[in-house]
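Only one structure is covered here, and it is reproduced in the block below.
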Amino acid sequence: MDVRPFLNMMVEKKASDLFITAGFPPSAKIDGELRQLSENRLTPEQSLVFVESLMSDVQKKEFHETSECNFAFAAKDLGRFRVSAFWQRESAGCVMRRIETQIPEVDDLKLPPILKDLVMSKRGLIIMVGGTGTGVISPFLAEIKSRDLGH
35 MDVRPFLNMM VEKKASDLFI TAGFPPSAKI DGELRQLSEN RLTPEQSLVF VESLMSDVQK
95 KEFHETSECN FAFAAKDLGR FRVSAFWQRE SAGCVMRRIE TQIPEVDDLK LPPILKDLVM
155 SKRGLIIMVG GTGTGVISPF LAEIKSRDLG H
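Numbering (the working numbering), first residue to last: 35 to 185.
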């Protein structure tokens with residue numbers, strides 16, 4: 035099974051996650067909603083081939099010994115992806131998360147001015163919390179980028 039069409043789709047549709055599970059069609063999280071990418075359910079063999087095609091030999095060994103493996107996968111011209119591979123009901127599966135490569139600009143995020151003042155402080159500690167994929171870190175990356183550029 036060729037992974038590239040799925041990764042192309044993730045980039046084109048700005049999908050945050052791709053879900054590969056035996057017995058279900060490949061699905062992606064797009065704009066916060068889970069959407070099927072095909073009507074065809076994956077067989078256990080297809081999902082194993084998909085998962086192993088992302089792995090090095092060392093990762094395959096770890097996967098089969100520990101029943102899980104977490105790693106980064108880079109696809110030329112498409113970017114990087116965080117992969118969490120697992121065994122579920124005696125079948126391989128994985129979740130791939132697209133790693134954003136562009137730090138947003140501060141002005142594009144429409145943040146309150148107080149945030150910029152806090153980031154520009156010479157001392158202090160700012161703690162941000164939130165669920166995975168909720169965009170909590172993006173404002174701070176943008177502010178730090180702005181600070182580093184001397185704004």
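The beta-carbon is built from N, C-alpha and C at its ideal position, and this holds for glycine as well.
{"Asked": "Could you pull the DSSP bridge partners for Glu-79 from this structure?", "Found": "In the DSSP output, where bridge partners are listed per residue, Glu-79 has none listed."}
{"Asked": "Grouping DSSP H, G and I as helix and E and B as strand, with all else coil, what is Phe-120?", "Found": "strand"}
{"Asked": "Going by the CB atoms, is the gap between Phe-53 and Arg-75 shorter than 8 angstroms?", "Found": "no"}
{"Asked": "How many whole angstroms separate the CB atoms of Phe-120 and Met-130, which I take to be in contact at a CB cut-off of 8 angstroms?", "Found": "Their Cβ separation, rounded to whole angstroms, is 12 angstroms, which puts Phe-120 and Met-130 out of contact at 8 angstroms."}
{"Asked": "Tell me the residue span of the alpha helix (DSSP H) that contains Asp-91.", "Found": "91 to 100"}
{"Asked": "Looking at Pro-78 and Ala-56, is the spacing between their C-beta atoms short of 8 angstroms?", "Found": "yes"}
{"Asked": "With which residues is Gln-70 paired in a DSSP beta bridge?", "Found": "Ser-61"}
{"Asked": "Who are the near neighbours of Arg-69 in its chain, counting only those whose CB is closer than 7 angstroms to its CB and skipping five residues on each side?", "Found": "Ser-61, Ala-62"}
{"Asked": "Between which two residues does the beta strand (DSSP E) harbouring Leu-52 extend?", "Found": "51 to 55"}
{"Asked": "Hey, does Ser-90 have any beta-carbon neighbour from chain C nearer than 8 angstroms?", "Found": "Of the protein chains in the structure, only one exists, and it is not chain C."}
{"Asked": "Could you give the residue range of the alpha helix (DSSP H) that holds Val-129?", "Found": "Careful: Val-129 lies outside any alpha helix (DSSP H), inside the beta strand (DSSP E) at 125 to 133."}
{"Asked": "By a C-beta neighbour count over all protein chains shown, 10 Å radius and 16 as the cutoff for buried, is Met-44 buried or exposed?", "Found": "buried"}
{"Asked": "List the endpoints of the continuous alpha helix (DSSP H) containing Pro-147.", "Found": "147 to 154"}
{"Asked": "Skipping 5 residues on each side, what residues in its chain have a beta carbon closer than 6 angstroms to that of Ala-200?", "Found": "Any question about residue 200 goes unanswered here, given that the chain covers just 35 to 185."}
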